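*Asks:* Residue numbers (my numbering): 37 to 283. Backbone N, C-alpha and C fix where the C-beta goes; we use that ideal spot for every residue, glycine too. Small disclaimer: the values here were computed from a predicted structure and weren't measured. I am attaching a structure below and will ask some questions about it afterwards.
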Amino acid sequence: DYYTPPTPSPHHILYLPCLHRAKNSAKSSNLLQHCRRQSYNFLCADYYGVGRSSGNFKDACLTKWVQDSIDLMTSIPGDYTLVGSGVGSWIAVLIAQQRPDLVVGLVGLACDPDFTEDLLWKNLSEEDKREIEEEGIKDIKWGNEVYPISDALIKDGRSNLLLRGGPNSLKVTVPVRLIHGLSDPEVSYSTALSLLSCLQSDDVSLVLRKGGSHQLDEEEDMDVMRSAVDEVMRRGGGYDLRSPASG
């Protein structure tokens, strides 16, 4: 999906979805409408192997999704605020590290960097691990959802771990806003705290939503998301004073 306002703007919002969710979701639709009101460009695409995209999820991995996202960004010139949900937040940080010239801000919803290793693999049974390695993919119940987990995703995840280096180890210096639900059954808010500590940026904050789920798709959650996007756009240089919504 791509929306561009009547008055051309060089500032873009790129929404990066959850692990197995197609691009058309309550959050992406809500964010699209907000971009229309605020005169932001909006982009969102299905990952390789997900939704209406080509490819087999069994062959998909973080490295592929990151490169595809960078290719999309470079095909439409301008600066980008990345809004990632779940694994989309992990992808967003990897993009910000690899292409700092493209990224002016980041909003992470229920961020789960390193989840493949820290939250999944170390908690799987030996039988599940063996089936993933031998068959290449297996449906795994995680929290309240069932996710397809592939051998490629697990192995590639080990090449993209973010939380091993300690404080200020991630060269991301743009404004960052993290939002996490205290009732998230899949990813503890401690993961968001770890990411916050690892980022070099001094302009980072974390909002904890009491009762918030992993999906963060209640209207109150999306209010917080929209406010975070506007704040990052202002502080990251992506706020267009020509827009009537900016005043």
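Just the Cα atoms here: how many angstroms apart are residue 200 and residue 228?
*Replies:* About 14 Å.
*Asks:* Give the DSSP-derived three-state secondary structure of residue 43 in the structure shown.
*Replies:* Coil.
*Asks:* Among the residues of its own chain, which have a CB less than 6 Å from the CB of residue 272, if the five just before and after it don't count?
*Replies:* Contacts found: 140, 141, 210, 211.
*Asks:* Among residues of its own chain, excluding the 5 on either side of residue 276, which ones have a beta-carbon nearer than 7 Å to its beta-carbon?
*Replies:* Because the pLDDT at residue 276 is just 48, under 50, the model does not fix this residue reliably, and the value given afterwards should be weighed accordingly. Closer than 7 Å at the Cβ level, and outside the excluded window around residue 276, lie 45, 47, 75, 282.
*Asks:* From residue 171 to residue 130, what does the alpha carbon distance come to, in whole angstroms?
*Replies:* Roughly 28 Å separates the two Cα atoms.
*Asks:* Only counting the same chain, and skipping five residues up and downstream in sequence, which positions put a Cβ closer than 6 Å to that of residue 38?
*Replies:* The answer, listed in chain order, is 79.
*Asks:* Can you grab the Cα-Cα spacing for the pair residue 222 / residue 178, in whole Å?
*Replies:* Cα to Cα, residue 222 sits roughly 6 Å from residue 178.
*Asks:* Report, in whole angstroms, the separation of the C-beta atoms of residue 125 and residue 145, which I expect to be a contact under 8 Å.
*Replies:* That belief holds up - the Cβ atoms of residue 125 and residue 145 are roughly 7 Å apart, short of 8 Å.
*Asks:* Whole angstroms is fine: what's the gap from residue 263's alpha carbon to residue 107's?
*Replies:* Those two C-alpha atoms are separated by around 28 Å.
*Asks:* Is it a yes or a no for the segment 82-93 touching the segment 113-121, going by three-plus beta-carbon pairs under 8 Å?
*Replies:* In short, these stretches do not touch, since the Cβ pair count stays below three.
*Asks:* Starting from the C-beta of residue 237, find all residues in its chain whose C-beta is less than 8 Å away, skip the five residues before and the five after it, and write them out in chain order.
*Replies:* Excluding positions up to five away in sequence, the list reads 208, 209, 210, 211, 212.
*Asks:* Using alpha carbons as the reference points, say which of 218, 55, 67 lies closest to residue 84.
*Replies:* Out of 218, 55, 67, 55 has the C-alpha closest to the C-alpha of residue 84.
*Asks:* Starting from residue 71, trace the alpha helix (DSSP H) in both directions and tell me its first and last residue.
*Replies:* Taken as a continuous stretch (DSSP letters only), the alpha helix (DSSP H) holding residue 71 covers 62-74.
*Asks:* When DSSP labels each residue in this structure, what does residue 209 get in the three-state scheme?
*Replies:* Residue 209 falls in the coil class under three-state DSSP.
*Asks:* In chain order, what are the residue ranges of uninterrupted beta strand (DSSP E) at least 3 long that sit wholly in the segment 115-157?
*Replies:* Taking only runs of at least 3 residues, the beta strand (DSSP E) segments lying wholly in the segment 115-157 are 115-121, 139-145.
*Asks:* Residue ranges of each alpha helix (DSSP H) run of no fewer than 4 residues wholly in the segment 185-256, ordered along the chain?
*Replies:* For the segment 185-256, whole alpha helix (DSSP H) runs of length 4 or above, ordered along the chain, are 187-193, 225-234.
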